[in-house]
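Given below as structure tokens:
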């Protein structure tokens, strides 16, 4: 499977390491996260189309390990939200249903 198909760039980050460091990382990361080697293996292979995800605190720790941002680990488009659009949506709902408060 191509690395483009994975939701996270963890495998790519591991492959960028020299062989001996990669082998150490494969043991250290799950150990430090308190997860099994198998769980870490499965996280590295989550497909973009999968509903599975890595818990945010664990993903933060993985980013720290690789000295990168969480955004650098995520290989999918992240939806953006804004306060402005939320306020506009509330206003539209209010006027559509002739409500004074929402």
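Numbering (the numbering used here), first residue to last: 1 to 102. Each residue gets a CB set at the ideal place from its N, CA and C atoms; glycine is no exception. Predicted model only: the values in this text are computed from it and were never measured.
Residue 6 by DSSP, collapsed to three states: which one? strand
My understanding is that residue 40 touches residue 30, with C-beta atoms under 8 Å, so please give their C-beta distance in whole angstroms. 4 Å
What does residue 74 pair with, by DSSP beta-bridge criteria? 8
Check residue 98 in the structure and name its three-state DSSP category. coil
Simplified DSSP assignment, three categories, for residue 47: strand
I need the straight-line Cα distance from residue 98 to residue 80, nearest angstrom please. 29 Å
Hey, out of 76, 60, 21, whose CA is closest to residue 4's CA? 76
Rank 17, 69, 11, 35 by C-alpha distance to the C-alpha of residue 47 and give the top, closest one. 11
First through last residue of the alpha helix (DSSP H) which encompasses residue 80: First-last for residue 80: undefined, no H or E at that position.
Under 8 Å between the Cβ atoms of residue 50 and residue 13? no
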